[in-house]
Amino acid sequence: MSLIRAELTPHPDCSCPAIRQFAIEIDPARLPASLVILYRIAGEIGRLSLPPAGFARRADGLWQHSCFEAFLRAGPVASYYEFNFAPSGDWAAWRFGKPRSERSTPGIPAPRMERRHFPDGYEMSATLPIAALPELARAIEIEAGITAVIEADDGSLSHWALAHGGASPDFHDPATFVLKVSRP
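Counting in this note's numbering, the sequence shown runs from 10 upward without gaps.
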């Protein structure tokens with residue numbers, strides 16, 4: 010199965026002129042064991058707050074700064090998983106029974122993350138442990154909302170997604186889970 014490629018767009022209320030392009034690639038070849046997501050930013054990287062990697066740990070509130078995110082559900086159902094990956098290596102994962110409620114913390118291993126800086130670009134890849142999440146591991150097709158919050162050097166935040174559902178950024182909106190990822 011080939012790579013899935015798409016572009017993230019900024020929410021109209023919060024752009025970031027330093028970012029020229031924000032692309033993602035998803036490699037479904039390892040499903041149902043794992044899923045690899047690559048986030049690729051092109052632009053004036055020096056104007057973004059992308060802290061260097063440190064000691065990775067599970068942490069809350071990552072979306073308050075630069076954070077790459079994935080929202081995954083097993084087809085058109087109410088429950089879904091949210092994954093957050095910070096440039097520092099910190100990460101978070103939750104399961105929601107329905108949008109923004111019935112939240113629990115799945116007992117999963119840390120996703121494997123790799124980061125690369127370039128003069129005019131930045132890449133973050135995350136390998137998600139899908140096998141540890143039976144709902145997703147059994148799914149023939151996963152619906153995904155791939156998103157990011159990017160902090161500029163002035164502290165402002167921009168919200169990026171495959172699709173934006175409303176007047177304010179809301180990555181939990183089921184209407185934003187627009188990418189279909191099928192098992193090979």
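Built from N, CA and C at the ideal position, the CB exists for glycine as well. Note that the structure is predicted; figures quoted are calculated from it, not measured.
| Query | Result |
| --- | --- |
| Quick one: what does DSSP say Ala-157 is sitting in, helix, strand or coil? | strand |
| Can you name, in chain order, every residue of its own chain whose Cβ lies under 7 Å from the Cβ of Pro-118, other than the five neighbours on each side? | Pro-138, Ala-141 |
| In three-state DSSP terms, what is Leu-71? | helix |
| Could you pull out every unbroken beta strand (DSSP E) segment of at least 3 residues lying fully inside the region 16-45, listed in chain order? | 28-36 |
| Just curious, the beta strand (DSSP E) that Glu-53 is in, first and last residue? | Glu-53 -> no beta strand (DSSP E), and no H or E assigned at all. |
| Hey, how far is the Cα of Ala-207 from the Cα of Phe-92? | A question about residue 207 goes unanswered here, because the residues of the chain that appear run from 10 up to 193. |
| Taking the DSSP output, what are the residues bridged to His-168? | Val-158 |
| May I ask whether a heavy atom of the ligand PLP can be found less than 6 Å away from the beta carbon of Glu-78? | The ligand PLP is absent from the structure shown, which contains no ligand whatsoever. |
| Just to confirm the assignment, what range does the beta strand (DSSP E) spanning Leu-188 have? | 188-191 |
| Grouping DSSP H, G and I as helix and E and B as strand, with all else coil, what is Ala-87? | coil |
| For the region 71-86 against the region 153-167, do three or more pairs of beta-carbon atoms, one drawn from each stretch, fall closer than 8 Å, so that the two count as touching? | yes |
| Should Ser-75 and Ile-159 be called a contact, given that it needs their Cβ atoms to be closer than 7 Å? | yes |
| What do you get for His-20, buried or exposed, if any count of 16 or more other CB atoms within 10 angstroms of its CB means buried? | buried |
| Who are the near neighbours of Pro-41 in its chain, counting only those whose CB is closer than 8 Å to its CB and skipping five residues on each side? | Ile-139, Ala-140, Leu-145, Ala-146, Arg-147, Ala-148, Arg-192 |
| How far does the alpha helix (DSSP H) with Ala-146 in it reach, from first residue to last? | 143-147 |
| Among all the DSSP beta bridges, which residues are the ones paired with Glu-150? | Ser-191 |
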